[in-house]
Structure formats: C-alpha cells, structure tokens
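Here the structure is laid out as structure tokens; the discussion comes afterwards.
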Amino acid sequence: MYTAVILGIGLVIILALLFYKRSWKEESPRPHVEPTYTPSAPVQLVHRLCPHNNVVQRFAVEQKDSLDDHLDALTRKLAEKEGKLRISKSKIRETQNEIDNLHAIDHHVRQKYRDVMESLRSDLLNNETECKRIQDQIEWVSHRRAELHDEVRRGQKLYGEATLKLANNLANLQKVRELKVTDKPFTRGSNESLVQRKEVHIPKACSVASSMMKSNPPTPEPFPHFNM
C-alpha cells in the first residue's frame, strides 16, 4: 500500500514536470538571431572633423557617419546583450533549483535537464564574450574621439597663431610703405620732371639735326636748340 502511494506520487510528479517543460518551451520566446557580418577587411571610418587623417578601425563593425553615432550604437547593443545575459543567468538559476529539488525523477528526465543546462551555459559564455568585445570597441572609440578632439583644439590654436602672425606682418608692411611714401615725395617728382624734359627736348634736337644733315654738310658749330 505504501509503495503504491509512493509510485503514484512519483508518477504525478513526472507528469507534472513533463507538462511544465512542454508549456515552458511553448511560452519561452525564440532567441533573436542577429545577422553576422564577416567583412574581408576592417571598416574604414573618416571623421568629419579630421578628413585628412583617415582612421582605420580595428574592429569589424557597422559603418556610421561619425564616432558619436557609432558609440551610441555600440552602447545600445551592449545594453541589449547585457539584458540577454541577465535572462540567461536567471534561467540557469531556476533550472538548477529544479534539478536540486527533484530527487525522484528518472535518469531520462535528469539527462534532458542537463542538456538544457549545457545549452544555457553555452549561451551565457557567448553573451559574455560578445559583451566583452563590445566594451573593448566602446573603449577604443571613446579614446579615438578624445584624440580627435585634441587634434581639433591643436589645429585651432595653430590657426589662430598663424592668423595673428599674418596680421602683424601685414601691419608692418603697411607701415614701411607709408614711411617710404612720406620720406621721398619731392625726389620722385624731380626725377619724373627730368625724364619728361628729356623726353620733350631730345626728339626735337634729333629731328633738327637730321634735317640739317640732309641739307648741309656737317659743321663744327653746335646746334643752338640742343640744351642739356
């Protein structure tokens, strides 16, 4: 009598476990399989603030317009992976508790639960590896963004210094030109008047001399209109 009661209770427990396992599989959402990208070469990111310095990223990631957008995408992806990691840990704890509490189940059911545990542990390891990889990417992108900000500040500083130096050189050049103009106004005018006088009188003397050479033979007397 006592043995029959124990067997009946054991049978009820086994049936309840099988029913619970079936309902748990039907209600549990299917894991979302993300497409894997296997690029043949690392993705090249060119920052818009520093287009002359190409940045070749060391990780195979999706290409974004800027490092800020890429960092936001990695942060969202890390949060999603951490959520899946927490769910996997919770399922492992629940399954382990069920295995510890069910001492009367047969070997077949126990082996199935062990297989489930191994699968969950494998998913947990994959999620931890993925989280570590995304954290490394976030750290590298943050470091590179800080370097680009430093380069931008350094470029702005050099540009300001060059602009100030150019303005000083232009001011000094303007002062030198003004000093030259104010120091020699009459000398330049006298030279121009002398050139004008030469240009006016020399052609007349030449024309007179040529006409006299054609009409009369050369004489030792000087020309009266040629003045130097």
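Quick note on numbering: the working numbering labels position 18 of the sequence shown as 1, and the sequence is numbered without any gaps. Cβ atoms here follow ideal geometry from the backbone N, Cα and C, with glycine treated the same way.
By the 10 Å Cβ neighbour count, where 16 or more other Cβ atoms means buried, how is residue i classified, buried or exposed?
| i | result |
| --- | --- |
| residue 135 | exposed |
| residue 35 | Any reading at residue 35 is ruled out, since the residue's pLDDT is 43, under 50, leaving its predicted position unreliable. |
| residue 163 | exposed |
| residue 64 | buried |
| residue 16 | Unreliable positioning characterises residue 16 in this predicted model, as indicated by a pLDDT of 46, which lies under 50. The coordinate reading is nonetheless provided below. Its Cβ having fewer than 16 others within 10 Å, residue 16 is exposed. |
| residue 239 | Any answer about residue 239 is impossible in this case: the structure gives the chain only from -16 up to 211. |
| residue -11 | exposed |
| residue 57 | buried |
| residue 151 | exposed |
| residue 215 | The requested residue 215 is not part of the displayed model; the chain covers only -16 to 211. |
| residue 80 | exposed |
| residue 84 | exposed |
| residue 1 | exposed |
| residue 110 | buried |
| residue 156 | exposed |
| residue 94 | exposed |
What residue range does the alpha helix (DSSP H) around residue i cover?
| i | result |
| --- | --- |
| residue 50 | 50 to 84 |
Between residue i and residue j, which are expected to be in contact by the criterion C-beta below 8 Å, what is the C-beta distance as a whole number of angstroms?
| i | j | result |
| --- | --- | --- |
| residue 54 | residue 125 | 7 Å |
| residue 108 | residue 75 | That pair is no contact at about 11 Å. |
| residue 139 | residue 61 | So it is not a contact: roughly 33 Å between Cβ atoms. |
| residue 106 | residue 71 | 5 Å |
| residue 127 | residue 50 | 6 Å |
| residue 78 | residue 96 | 6 Å |
For the ligand NAP, is there any heavy atom lying closer than 7 Å to the beta carbon of residue i?
| i | result |
| --- | --- |
| residue 4 | Of the ligands one can find in the structure shown there are none, so the ligand NAP has no counterpart to examine. |
Extract the residue ranges of the beta strand (DSSP E) inside the segment 76 to 163, only unbroken runs of 3 or more that lie entirely within it.
none
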